[in-house]
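K.L.:
Note that the protein sequences, when read in sequence, are chains A and B.
Just so you know, we're using our numbering here: the first sequence kicks off at 1 and counts up by one.
Just so you know, we're using our numbering here: the second sequence kicks off at 1001 and counts up by one.
Glycine included, each C-beta is placed from N, C-alpha and C at the ideal position.
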Amino acid sequence: GENVEQHPSTLSVQEGDSAVIKCTYSDSASNYFPWYKQELGKRPQLIIDIRSNVGEKKDQRIAVTLNKTAKHFSLHITETQPEDSAVYFCAASHSGNTPLVFGKGTRLSVIA
Amino acid sequence: EAQVTQNPRYLITVTGKKLTVTCSQNMNHEYMSWYRQDPGLGLRQIYYSMNVEVTDKGDVPEGYKVSRKEKRNFPLILESPSPNQTSLYFCASSLSGARGGYTFGSGTRLTVV
């Protein structure tokens, strides 16, 4: 089955700097890669996703890149703000009818 | 408002006392799933359901049961809870499988003493 590895487990950045979180996956058939943000005491919420037919997707300050050959994808947050502080989870699945497999999460702290 | 509703939000129980955590969605989603979240382990899937009367085991199904008799409801049943089932539980739903991403419930923090 699919296995998703996520790094780093914790990340601290200064406000205004960029943050990068990386994930690797094992199943070459995976074709859907979402990212979730979980604020303290809240539920995970989808922030961006990418499908295997594109290499990069942007939404304001966040972007996701995908390298299918290397089987890894990354979340990039630019101009970080204190409200970006949260746990971020990557996930992968294939065909859309298989369950998402999540990484273990990255706790991002943005220091003002 | 489109949402996934879990109840209760908090529950403290004793070892061996059967309990049910309810999950209901109002979005006509086919797919529903239960996850548990533990520090350092991320989100681990317990059970999922692709549609009514169809359920499958996830990665950590031992000690849990589910049912999907109606499209909107997907209860999680702990027949004989044990302390290692102390965790934060999330129900999630999506239109079809992982496509379009999941909508999560607010979570249920369960403590088994």
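Please report the straight-line C-alpha distance between SER85/A and LEU108/A, rounded to a whole angstrom.
P.N.:
As a working note, residue 85/A is residue 85 in the first sequence. As a working note, residue 108/A is residue 108 in the first sequence. If you take the alpha carbons of SER85/A and LEU108/A, they lie about 5 angstroms apart.
K.L.:
Grab the span of the beta strand (DSSP E) containing GLN38/A for me, first residue to last.
P.N.:
Residue numbering aside, residue 38/A sits at position 38 when the first sequence is read from its first letter. Element bounds for GLN38/A: 32-38.
K.L.:
In the stretch 1027-1057 of chain B, which residues sit with their C-beta less than 9 angstroms from some C-beta in chain A, listed in chain order?
P.N.:
The stretch 1027-1057 of chain B vs chain A, Cβ under 9 angstroms: TYR1031, SER1033, TYR1035, GLN1037, GLY1040, LEU1041, GLY1042, LEU1043, ARG1044, GLN1045, TYR1048, MET1050 and ASP1056.
K.L.:
Taking 8 angstroms as the CB-CB cut-off, is LEU119/A touching chain B?
P.N.:
Summary: the structure shown does not reach residue 119/A, with chain A confined to residues 1 through 112, and so no result is reported for it.
K.L.:
Once you ignore the five residues that flank GLN81/A on each side, which residues in its own chain have a CB closer than 7 angstroms to its CB?
P.N.:
The count along the first sequence starts at 1 and reaches residue 81/A at position 81. Result list for GLN81/A: GLU15 and VAL110, in chain order.
K.L.:
Shortest alpha-carbon distance to THR1108/B belongs to which of ALA1002/B, LEU1019/B and ASN1028/B?
P.N.:
Locating residue 1108/B in the second sequence gives position 108, where the first residue counts as 1. The candidate whose alpha carbon is nearest that of THR1108/B is LEU1019/B.
K.L.:
Of all the CB atoms in chain B, is at least one closer than 8 angstroms to the CB of PHE73/A?
P.N.:
As a working mapping, residue 73/A is identified with position 73 in the first sequence. By this cut-off, PHE73/A is not an interface position.
K.L.:
Distance check for ALA19/A and TYR1048/B, CA to CA, integer angstroms please.
P.N.:
The residue given as residue 1048/B occupies position 48 in the second sequence. The residue given as residue 19/A occupies position 19 in the first sequence. Their backbone Cα atoms lie some 33 angstroms apart in a straight line.
K.L.:
So the beta strand (DSSP E) PRO72/A belongs to, where does it begin and stop?
P.N.:
Start at 1 with the first residue of the first sequence, and residue 72/A comes out as number 72. Correcting the residue type first, residue 72/A is His in the shown sequence and not Pro. It spans 72-77 - the beta strand (DSSP E) in which HIS72/A sits, taken as one unbroken run.
K.L.:
In this structure, how does DSSP classify GLU2/A when only helix, strand and coil are distinguished?
P.N.:
On the first sequence, position 2 is the one that residue 2/A refers to. Three-state DSSP puts GLU2/A in coil, outside helix and strand.
K.L.:
Could you tell me the boundaries of the beta strand (DSSP E) in which TYR25/A lies?
P.N.:
Working through the first sequence from its first residue, we reach residue 25/A at position 25. Element bounds for TYR25/A: 19-25.
K.L.:
List the residues of chain B whose Cβ lies closer than 7 angstroms to the Cβ of GLY105/A, in chain order.
P.N.:
As a position in the first sequence, residue 105/A is number 105, starting the count at 1. Those are GLY1042, listed as they occur along chain B.
K.L.:
Please confirm if the stretch 1020-1032 of chain B is in contact with the stretch 46-62 of chain A, defined as three or more CB-CB distances below 8 angstroms between the two stretches.
P.N.:
Segments in contact, no.
K.L.:
Expressed to the nearest angstrom, what Euclidean distance is found between the alpha-carbon atoms of TYR36/A and ILE47/A?
P.N.:
Here the question's residue 36/A lines up with position 36 in the first sequence. Here the question's residue 47/A lines up with position 47 in the first sequence. Taking the straight line joining both Cα atoms gives about 6 angstroms.
K.L.:
Going along chain A, which residues have a C-beta under 7 angstroms from SER1106/B?
P.N.:
Stepping through the second sequence from its first residue, residue 1106/B is reached at position 106. Simply ARG43.
K.L.:
Pairs of beta-carbons, one from the stretch 1001-1017 of chain B and one from the stretch 24-39 of chain A, closer than 8 angstroms: are there three or more?
P.N.:
Result no; under three Cβ-Cβ pairs closer than 8 angstroms.
K.L.:
I need the straight-line Cα distance from LYS1071/B to LYS1057/B, nearest angstrom please.
P.N.:
One-based indexing of the second sequence puts residue 1071/B at position 71. One-based indexing of the second sequence puts residue 1057/B at position 57. So the alpha carbons of these two residues sit roughly 18 angstroms apart.
K.L.:
Which chain B residues are close to PRO99/A, counting only those with a beta carbon under 7 angstroms from its beta carbon?
P.N.:
Position 99 of the first sequence, counting from 1, holds the residue named residue 99/A. Result: SER1033, GLN1045, TYR1048, GLY1058 and ALA1098.
K.L.:
Is ASP1059/B helix, strand or coil by DSSP?
P.N.:
For the purposes of this step, residue 1059/B is taken as the residue at position 59 of the second sequence. Three-state result, ASP1059/B: coil.
K.L.:
Taking CB distances under 8 angstroms as the criterion, tell me whether PHE1074/B reaches chain A.
P.N.:
Your numbering for residue 1074/B matches position 74 in the second sequence. Not an interface residue.
K.L.:
Please classify GLN1003/B: does DSSP put it in a helix, a strand, or coil?
P.N.:
Position 3 of the second sequence, counted from the first residue, corresponds to residue 1003/B. Reduced to three states, the DSSP call for GLN1003/B is coil.
K.L.:
Looking only at its chain, what residues have a beta carbon closer than 8 angstroms to the beta carbon of GLN1045/B, apart from the 5 residues adjacent to it on each side?
P.N.:
Residue numbering aside, residue 1045/B sits at position 45 when the second sequence is read from its first letter. Around GLN1045/B: SER1033, TRP1034, TYR1035, GLY1058, ASP1059 and VAL1060.
K.L.:
Can you name the residues that DSSP bridges to ALA86/A?
P.N.:
Start at 1 with the first residue of the first sequence, and residue 86/A comes out as number 86. DSSP, once it has assigned bridges, lists LEU108/A as partnering ALA86/A.
K.L.:
Would you mind telling me which residues of chain A sit closer than 8 angstroms to TYR1089/B, beta carbon to beta carbon, in chain order?
P.N.:
Here residue 1089/B is taken as the residue at index 89 of the second sequence, counted from 1. Those do not exist, as TYR1089/B stays about 11 angstroms from chain A at its closest Cβ, beyond 8 angstroms.
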